[in-house]
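Residue numbers (the working numbering), protein chains in the order written: chain D, 47 to 621; chain V, 47 to 621. Cβ coordinates follow ideal geometry from the N, Cα and C atoms, glycine included.
Protein chains: 2
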Amino acid sequence: MRSSRFLIATLKETPSDAEVISHQLMLRAGMIRKMASGLYNWLPMGLRVLRKVEKIVREEMNKSGAMEVLMPVVQPAELWEESGRWQQYGPELLRMTDRHDRPFCLGPTHEEVITDLIRNEIRSYKQLPANFYQIQTKFRDEIRPRFGVMRSREFIMKDAYSFHTSTESLQETYDVMHATYCNIFTRLGLQFRPVLADTGSIGGAFSHEFHVLADSGEDDIAFSNASDYAANIEKAEALPPSTPRTAAQHVMQEVATPGKHSIDEVCEFLKVSPQQTVKTLIVLGEVREDKTQPLVALVLRGDHELNEIKAEKLTGIASPLTLAPEARIKAELGVGVGSLGPVGLKIAVIVDHSAAHLSDFVCGANKDGFHLTGVNWERDATAPLVADIRNVVTGDPSPCGKGTLEIKRGIEVGHIFQLGTKYSEAMKAKVLDVNGKEQTMIMGCYGIGVTRVVASAIEQNFDENGIIWADSIAPFHIAIVPINMQKSPAVAAKCEELYTQLQEAGLDVLLMDEDKARLGTMLADTDLMGIPHRIVIGDRGLEAGSIEYKGRRDAEKQEIPVNDIVNFLKATVKV
Amino acid sequence: MRSSRFLIATLKETPSDAEVISHQLMLRAGMIRKMASGLYNWLPMGLRVLRKVEKIVREEMNKSGAMEVLMPVVQPAELWEESGRWQQYGPELLRMTDRHDRPFCLGPTHEEVITDLIRNEIRSYKQLPANFYQIQTKFRDEIRPRFGVMRSREFIMKDAYSFHTSTESLQETYDVMHATYCNIFTRLGLQFRPVLADTGSIGGAFSHEFHVLADSGEDDIAFSNASDYAANIEKAEALPPSTPRTAAQHVMQEVATPGKHSIDEVCEFLKVSPQQTVKTLIVLGEVREDKTQPLVALVLRGDHELNEIKAEKLTGIASPLTLAPEARIKAELGVGVGSLGPVGLKIAVIVDHSAAHLSDFVCGANKDGFHLTGVNWERDATAPLVADIRNVVTGDPSPCGKGTLEIKRGIEVGHIFQLGTKYSEAMKAKVLDVNGKEQTMIMGCYGIGVTRVVASAIEQNFDENGIIWADSIAPFHIAIVPINMQKSPAVAAKCEELYTQLQEAGLDVLLMDEDKARLGTMLADTDLMGIPHRIVIGDRGLEAGSIEYKGRRDAEKQEIPVNDIVNFLKATVKV
């Protein structure tokens, strides 16, 4: 491509409304432009990257044996009513009516459509297993779209859905998808980790997320420092302490803590560490037959955080997890939230393993302005239910049994699920089994956020000058930057010759042939746009028989003999 | 691809709700499935064709110098309000509101979005001309979606938009697009014609449609039998008769024609040919200052049809063309529509050239139940305004001056427009010209109905056994059909060997390796699916050293020596 015939839309200034680096650099490198909140135009430079990502995803999905299909963006409400999601799905589902007043939505995902398609097409176990995927535009009406294409409303997703007659077959395809995702993210040049994940509201038994590791990630991932174990912090198990609890040494005492509500305030006032305290949160229990929801107390060590996902799965707790209104706590327990504690509490109490392991701890006295010290379980308070309800923290033993946990930030770019029969049951998607009997199909689903991959690759690969693309997804592999191309016939001829030769070698080349472009601007642009390889061609070099080469990550330039440059680049670029 | 790992979803019966052959065959060949009215799923077999069409379109657009972009499907109302189309566009524009109650629509076309994008990105004449295209999902809420993907609501379109500072530059790009479209449709293996077209409501000066010729087409195309001239019948000019009018021979007489209203009834009753009669249509004139719309009479020869597009462009006629309500005609003219005529009519009269050329003709008497014979212009009726307001018919002289016209049916698959400044003016899309002065950009736009191309290729290429794909867009180039693959190791080995060799040669091969598949079913399926080349491999042939080959259009099979088959196929398939 000649830059004179291509829209190079680089910006010098960082747009003020872009918070994360990928959003800033995608705007500055002229890859995307905002059309409206959460809606982006992909400019030619950006689209070249997007199409390369799509191509890698498609090639690997085809290799895995999945079949590509294409389902509509606009979906009829009836299918969503069959699955029950027309009611369940919140305002992220953009609903509309057509000219005949029939209700439709824009597809945020396609479980309903594929299940409807396959229940009509596949009738026999002999046609299974089968895995179908599409690469297609999706829409989620995010309440607060942000970070550019990282969390936009319209985006491109690769979604796949597999169908089976046994859980063994589902596991096989799940494993194939796990391996395929590893191949995809490896080819994309990303540092990533598959992590155990919660299955969330989509349902199903077993799930992995694929995370690109980057400080700007919205998720916390727990890793073992001694094994392959990795899990989303939502899911990572906190093992119960393995040592016996220390015996009680102190008597329980009530102390006045006027105006001290938070753990930090109380600790500073009483000169104890947060690890020696417990905090008590009051949440709503499950709805009873008489429609009331009892209060339930959750007790955690002062330095730990509640894991809502773990807590809401416990029997007796309402899902989604809901903190009790302060007024109701005050009315029923006679105390404000700053002085709650497990001693003498007349409601159900669930204690985290780590809190249950404490002796001589500090907690609220259930009396405003007072705390208790020297508290001990059994002697002073009962802990009838002990469970894992906290987030793991750095240094916790790994649940795999090897090493301790570290926490890193990740960006979720892929997710694989064992769905089971959630959709096929609701939508009556059945096949005839070996014995000619109807059997509900078992399903898996597998997603990759294609547009998000582009942004997350930048989050992981940039420097102060701009983006650094991996060769596999770079918009152009090589930039040819001429010095005075318009004035020097020798430079012009060499540029044209190399432009042709390198393209013939299968490389994507950007020839910076714009009239009157300044060298400094061209170099800054190629850096900003992240072109991984750059050669500068000028009269002085040509006279000396050499061409200047610099890799985007290199600290130093190299002089390559003119006659070697094509072979050098063919060997250097990893296509 | 192995058929055992691919969804072959052929149907024996023709689905009853499919009217046209392409819709029937796309369903029967397992290419598409209906999800809801005008919304289709593309199955693996169909998507392979769609992707090949997309690839050819993309390659030729890139070759033309156009730059690929991707704009959102969901578009904000503000942009459509700027262009004025939020009000103008009818219910085909699917409108919706997001969770914050902001109005949006699903893009049926992207003039507004691209104009908004480019007015912000391109500031100088130096960056022009520039041509941007996308291949993307569009939505038009058709009142009556039909013919499968031929007229669906959601469809894929290639739309391109070019920007210029002069009409000469626009004409240059327009010519490049004209040539590019010819290349595209030629590579797609279609018989097509570029035809002059009316620019319609999208505006602009100059326009060509690209039509695939097929009897099922919804458009009538007029061709010269002696030149390249071709035009949509909406646009094709009817030349005025070149001979002088015959002198009057008869006196005008009023005759009773009780119960005879239509031209056919009157002709039969009076024993005259329709060519010797005129018919009079009453339409609404332009709105006057006092908000009333006068009546206007349009007079055509009895055997001719009104061309609404031509008529509504005339001064004094309301656009869109609207027939006057019968009650108003009766009230103001004192006669029903079956007996109208130009004699003594007290409203404006516009006469078509051919009708104005008649002498001694028959027309309604403006008196219910009566007609006039022997009517002559000037002597009996005035024809103050003579214009071209009819559709051309077979045998008319070609407007190009060479030969006469023939009429054929066509399916519109592409359309190129010289838009001019319709959108750039309304949306203030300006650049600085050579003198640093602001200038409104001049635009062109260029569309191809990608999904419709697939259907129209079938309309033009099928027989009683199914689809006949051109090699360039066939889902698979070659089908390998084994006889008793499961029982014969020799057949299995040869099939596998050829499957590998042919794929290595860059050909798309479908190996029909399903267990227990019957030969007859496999042959019928490959014909139905339109696979252009087929080889049958069996023990008997292998023993005789030959493999049976049949091209999809061939009447006879051929025996090809086993050792030649790969080279034979490489030479035969046009990739």
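- Item | Nearest-angstrom Cα separation, counted from ASN613/D out to THR572/D | 22 Å
- Item | Three-pair Cβ contact test at 8 Å for the segment 123-140 of chain V versus the segment 163-177 of chain V | no
- Reduced DSSP category for GLY587/V - H, G, I as helix; E, B as strand; rest coil: helix
- Item | Length of the line joining the Cα atoms of ARG586/D and LEU163/V | Cα to Cα, ARG586/D sits roughly 41 Å from LEU163/V.
- Query: Looking at ALA206/V and PHE178/V, is the spacing between their C-beta atoms short of 8 Å?
  - Reply: yes
- Task: Apply the 10 Å Cβ neighbour rule to ALA503/V and answer buried if 16 or more other Cβ atoms are within range, or exposed otherwise.
- Result: buried
- Do the segment 400-410 of chain D and the segment 294-314 of chain D touch if we need at least three Cβ pairs shorter than 8 Å? yes
- Message: Please list, in chain order, the residues of the segment 110-122 of chain D that have any C-beta partner in chain V closer than 7 Å.
- Response: GLY111, MET113, GLU114, VAL115, LEU116, MET117, PRO118, VAL119, VAL120, PRO122
- Message: Considering only their Cβ atoms, is the gap separating GLN121/V from VAL159/V smaller than 8 Å?
- Response: A contact, by the Cβ cut-off of 8 Å.
- Item | Where ALA268/D sits in the DSSP three-state scheme | In the structure shown, ALA268/D sits in a strand (DSSP, three-state: E or B).
- Query: When we look at the beta-carbon of HIS461/V and count the other beta-carbons within 10 Å, is it buried (16 or more) or exposed?
  - Reply: buried
- Item | Touch test, the segment 264-274 of chain V against the segment 447-460 of chain V, Cβ-Cβ under 8 Å, three pairs minimum | yes
- Under 8 Å between beta-carbons, which chain V residues line up against TYR86/D? List them in chain order, please. Within 8 Å Cβ-Cβ: PRO118.
- Query: Buried or exposed: which applies to GLN180/D, given that a residue is buried once 16 or more other Cβ atoms fall within 10 Å of its Cβ?
  - Reply: buried
- Which residues in the same chain have their Cβ closer than 7 Å to the Cβ of HIS399/D, if we skip the five residues on either side of it in sequence? ALA284, PRO286, PRO287, VAL432, ASP434
- May I ask which residues mark the beginning and end of the alpha helix (DSSP H) holding PHE256/D? Per DSSP, PHE256/D belongs to no alpha helix (DSSP H); it is in the beta strand (DSSP E), 252-259.
- Taking DSSP as the reference, what is the three-state secondary structure of ALA617/D? helix
- Query: DSSP state of TRP515/V, grouped into three classes?
  - Reply: coil
- Pick helix, strand or coil for ASN353/D, following the three-state DSSP scheme. coil
- Item | Amino acids of chain V, ordered along the chain, whose beta-carbon sits closer than 7 Å to that of THR183/D | VAL119, THR183
- Task: Closer than 9 Å, Cβ to Cβ, to anything on chain V: give me those residues from the segment 150-163 of chain D, in chain order.
- Result: Within the segment 150-163 of chain D, the residues whose Cβ lies closer than 9 Å to some Cβ of chain V are PHE150, LEU152, VAL159, ILE160, ASP162, LEU163, listed in chain order.
- Query: Under a Cβ-count criterion, where at least 16 other Cβ atoms within 10 Å of its own Cβ denotes burial, should THR361/V be classed as buried or exposed?
  - Reply: exposed
- Item | Same chain, Cβ closer than 6 Å to PRO528/D, five either side skipped, listed in chain order | VAL537, CYS541, ILE583
- Item | N- and C-terminal bounds of the beta strand (DSSP E) containing CYS409/V | 407-410
- Query: Going by DSSP, what residues sit across from PRO118/V in a beta bridge?
  - Reply: Answer is none; PRO118/V lacks a bridge partner.
- Query: Name the chain D residues whose beta carbon is nearer than 9 Å to that of MET575/V?
  - Reply: Simply none; closest approach about 15 Å.
- Message: Ignoring anything shorter than 4 residues, give me the alpha helix (DSSP H) runs that lie fully in the segment 59-107 of chain V, in order along the chain.
- Response: 67-74
- Query: Between ALA402/D and GLY194/D, is the Cβ-Cβ spacing less than 8 Å?
  - Reply: no
- Item | For ASP561/V, the three-state DSSP class (helix, strand or coil) | coil
- Put PHE522/V into one of helix, strand or coil per three-state DSSP. coil
- Does the beta-carbon of LEU259/D have 16 or more other beta-carbons within 10 angstroms, so that it is buried, or is it exposed? buried
- For the alpha helix (DSSP H) that GLU543/D lies in, which residues bound it at each end? 535-550
- Excluding the five sequence neighbours on either side, which residues of its own chain have a C-beta within less than 7 Å of the C-beta of GLU100/V, listed in chain order? ILE181, VAL496
- Can you tell me where the beta strand (DSSP E) with TYR179/V in it begins and where it stops? 176-185
- Boundaries of the alpha helix (DSSP H) in which SER208/V is found, first to last residue: Per DSSP, SER208/V belongs to no alpha helix (DSSP H); it is in the beta strand (DSSP E), 200-210.
- Task: Say whether chain V places a C-beta atom closer than 8 Å to the C-beta of PRO90/D.
- Result: yes
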